[in-house]
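Protein chains in written order, with this note's numbering: chain A, 1 to 132; chain B, 1001 to 1132.
A virtual CB, placed ideally from N, CA and C, is assigned to each residue, including glycine.
Being a predicted model, the structure only gives us computed values, none of them experimental.
These notes concern the structure reproduced below.
Number of protein chains: 2
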Amino acid sequence: MPDTRSYSISDLAAEFGVTTRTLRFYEEKGFLAPERRGRVRYFSAADRVRLRLILRGRRLGLSLEESAEIIDLYKAPEGGKRQLTALLDKLAERRAQLEKQAADLAATLADLADVEHACRAALADLNPARSR
Amino acid sequence: MPDTRSYSISDLAAEFGVTTRTLRFYEEKGFLAPERRGRVRYFSAADRVRLRLILRGRRLGLSLEESAEIIDLYKAPEGGKRQLTALLDKLAERRAQLEKQAADLAATLADLADVEHACRAALADLNPARSR
DNA sequence: ATCTGTATTGACGTTAACGTCAACGTCATT
DNA sequence: AATGACGTTGACGTTAACGTCAATACAGAT
């Protein structure tokens, strides 16, 4: 049984902490494509996964466009040699970008750690008795 | 001798791959404060470092405001116990956010790695002779 | 039948982070 | 004195990613 239940727009909005406006916007831009019965939207489990991935991309600072592009890469690779090598190129590109970002992140975290140390040291100096 | 030479606006723009408009904008918003002789800007080594940090934040998807806030945390911690503990709180907050981002990043990279494997497998299937 | 709650579609507003002119100054060459 | 190369200040334009109404539909409970 492939998880056949569906989610209302406000269900998803509440679960992911976004507004319904956001979800409608995502559909309007083609980033989501929930089923429509009449005018009402019904989000499937697949839609839900896709939304999760979009929001993950958003937390990384990617544009919706970029997130969608990456998510599209996740689809089972198919096509001829040309297509596959092209896909590999794209993957490498993305990987390079994300790894650079990881490096930036690590550097920033290291900087913050330095400050944290200095801060604790300053605190200890303020109150030598209860230091440590 | 504390590196006393200065950089013109186009020097810095070229070095960091941004436009002069960007640097003027950053100054206008208070994210940079180069020395002014007359109307002309002279960027110091410190300004250069600050710019580097701002752009690092930008690559992480932070807003300029956020980057500036983080950079301000880097200043030698001072003040009383109140101030220092407040600073520690902010540091912890930032760290939590960045660590979540690191997790998201790792997950995305893992997903990409999966696709890459599948892709290489598909390629190998296409040409079993030169498989590897 | 009316009310309540959730849904819908426009349509205009907003913010951040610049881009893109236009018009002008200044200094070193030619 | 004219030509570039570089600098300046407005001021308006642009794009992404929604926010914020307003007007409307529709289904279930009272």
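Is any beta-carbon of chain A found at less than 9 Å from that of D1003/B? Here the question's residue 1003/B lines up with position 3 in the second sequence. No, D1003/B does not count as interfacial toward chain A.
Where D1104/B meets chain A, residues with beta-carbon distance less than 9 Å: As a first step, residue 1104/B must be located in the second sequence, where it is residue number 104. By Cβ distance, chain A contributes R56, G57, R59, L60.
If you count every other CB in all the chains shown that lies within 10 Å of the CB of A13/A, and 16 or more means buried, which is it? Residue numbering aside, residue 13/A sits at position 13 when the first sequence is read from its first letter. Classification for A13/A: buried.
Identify which residue in R1094/B, C1119/B, Y1007/B, T1085/B has its Cα closest to the Cα of A1045/B. By 1-based counting over the second sequence, the position of residue 1045/B is 45. The candidate whose alpha carbon is nearest that of A1045/B is Y1007/B.
Could you tell me which whole alpha helix (DSSP H) segments of length 4 or greater appear in the stretch 41-100 of chain A? 45-59, 64-73
Taking only beta-carbon positions, decide if D111/A is within less than 9 Å of chain B. Position 111 of the first sequence, counted from the first residue, corresponds to residue 111/A. At a cut-off of 9 Å between beta carbons, D111/A contacts chain B.
Could you please give the first and the last residue of the uninterrupted beta strand (DSSP E) stretch that includes R36/A? Within the first sequence, residue 36/A is the residue found at index 36, counting from 1. Looking at the DSSP string, the run of the beta strand (DSSP E) that includes R36/A is 35-37.
Give me the Cα-Cα distance between E1065/B and R1120/B, rounded to the nearest whole angstrom. Locating residue 1065/B in the second sequence gives position 65, where the first residue counts as 1. Locating residue 1120/B in the second sequence gives position 120, where the first residue counts as 1. Computed Cα separation, rounded: 43 Å.
Between which two residues does the alpha helix (DSSP H) holding L12/A run? As a working note, residue 12/A is residue 12 in the first sequence. From DSSP, the alpha helix (DSSP H) with L12/A extends over 9-16.
Assuming R1056/B contacts A124/A under a Cβ cut-off of 8 Å, what Cβ separation, rounded to an integer in Å, is found between them? To locate residue 1056/B, count along the second sequence from 1; it is residue 56. To locate residue 124/A, count along the first sequence from 1; it is residue 124. Rounded, the Cβ-Cβ distance is 30 Å, inconsistent with contact.
Candidates I54/A, G38/A, E15/A, Q97/A: which alpha carbon is nearest L32/A's? Counting from one through the first sequence, the residue named residue 32/A turns up at place 32. The shortest C-alpha to C-alpha distance from L32/A to any of I54/A, G38/A, E15/A, Q97/A is the one to I54/A.
Taking I9/A as the reference, give the member of I70/A, D111/A, R36/A, A68/A with the closest Cα. By 1-based counting over the first sequence, the position of residue 9/A is 9. Looking at the Cα atoms, R36/A is the closest of the given residues.
So, using beta-carbon positions, are L87/A and L73/A closer together than 9 Å? Translated into positions along the first sequence, residue 87/A becomes position 87. Translated into positions along the first sequence, residue 73/A becomes position 73. Note that the C-beta distance between L87/A and L73/A is below 9 Å.
CA-to-CA distance, A76/A to R48/A, given in whole angstroms: In the first sequence, residue 48/A corresponds to position 48, counting from 1. In the first sequence, residue 76/A corresponds to position 76, counting from 1. In a straight line, the C-alpha of R48/A is about 19 Å away from that of A76/A.
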